[in-house]
Amino acid sequence: MKMQVPILFFLLILLSACTENSGTPIVPNENNMIIKVKNNADFEMYGLELDLRNHTQGAVYADGSKIKKGDELLFEFLEEDFTLKGEGEMTVFILTDNHIEDNGDRIPLNKKVIFDLKSNKEIIFELTGESISDAELKRLK
Numbered sequence: 001m002k003m004q005v006p007i008l009f010f011l012l013i014l015l016s017a018c019t020e021n022s023g024t025p026i027v028p029n030e031n032n033m034i035i036k037v038k039n040n041a042d043f044e045m046y047g048l049e050l051d052l053r054n055h056t057q058g059a060v061y062a063d064g065s066k067i068k069k070g071d072e073l074l075f076e077f078l079e080e081d082f083t084l085k086g087e088g089e090m091t092v093f094i095l096t097d098n099h100i101e102d103n104g105d106r107i108p109l110n111k112k113v114i115f116d117l118k119s120n121k122e123i124i125f126e127l128t129g130e131s132i133s134d135a136e137l138k139r140l141k
């Protein structure tokens, strides 16, 4: 019985960490900049990576499932990582499988995205395209 209590406690913590909408939502503030990407693409993908000023962030589902059309992915860039001022050039990578051991599943978009960096700001993009080769990232807000 003594061994079961720690195992049950561990499972409870693990399950609570995996619940959706837990904790405080991430919102723009003076120390960050939020980028949201809405998936409206007609191809399958497992996630996205954004590379901005040599700082890369990825968004995938913990269970390894595909990103569905209509889903939004959220990225938070912090002032402590790099200065949120001036022009930023962002490279976007589409993840075509859920195997992180190789880089063969990391396909860059044909075009880099350029925008002004500013703290306390939220930028919303939409990913569109019928295939990865014609995928585009369009700024909505």
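Following my numbering, the numbering of the sequence shown begins with 1 at its first residue and continues without gaps. The beta-carbon is built from N, C-alpha and C at its ideal position, and this holds for glycine as well. Keep in mind that this is a model prediction, so the values were computed, not measured.
Status (buried if at least 16 other CB within 10 Å, exposed otherwise) for residue i
{"i": "L127", "result": "buried"}
{"i": "I94", "result": "buried"}
{"i": "I26", "result": "exposed"}
{"i": "L137", "result": "buried"}
{"i": "A135", "result": "buried"}
Own chain partners of residue i with C-beta closer than 6 Å, once the 5 adjacent residues on each side are dropped
{"i": "L140", "result": "I124 and E126"}
{"i": "Q57", "result": "L50 and F75"}
{"i": "K36", "result": "E72, L74 and I124"}
{"i": "K121", "result": "P28 and M33"}
{"i": "E130", "result": "D42"}
Rounded C-alpha distance that separates residue i from residue j
{"i": "G47", "j": "G70", "result": "13 Å"}
{"i": "I132", "j": "L109", "result": "8 Å"}
{"i": "S65", "j": "D42", "result": "16 Å"}
{"i": "R53", "j": "K118", "result": "14 Å"}
{"i": "T24", "j": "I107", "result": "32 Å"}
{"i": "K112", "j": "V60", "result": "21 Å"}
{"i": "E80", "j": "E44", "result": "34 Å"}
{"i": "N31", "j": "L78", "result": "6 Å"}
{"i": "V146", "j": "F82", "result": "Residue 146 lies beyond the stretch modelled for the chain, which goes from 1 to 141, so this question has no answer here."}
8 Å contact criterion, which residue i and residue j should meet: CB distance rounded
{"i": "M33", "j": "L84", "result": "5 Å"}
{"i": "N39", "j": "I67", "result": "5 Å"}
Neighbourhood of residue i by C-beta distance below 8 Å, restricted to the same chain and skipping five residues each side
{"i": "I114", "result": "E87, G88, E89 and M90"}
{"i": "D116", "result": "G86, E87 and G88"}
{"i": "H55", "result": "F77, D81 and F82"}
7 Å CB neighbourhood of residue i in its chain, flanking five on each side removed
{"i": "D97", "result": "Y46 and D105"}
List, from N- to C-terminal side, the alpha helix (DSSP H) runs of 4 residues or more that fit wholly inside the segment 58–137. Counting whole runs of 4 or more residues, the segment 58–137 contains no alpha helix (DSSP H) stretch at all.
May I have a chain-ordered list of the beta strand (DSSP E) segments no shorter than 3 residues that lie completely inside the segment 27–57? Taking only runs of at least 3 residues, the beta strand (DSSP E) segments lying wholly in the segment 27–57 are 32–39 and 47–52.
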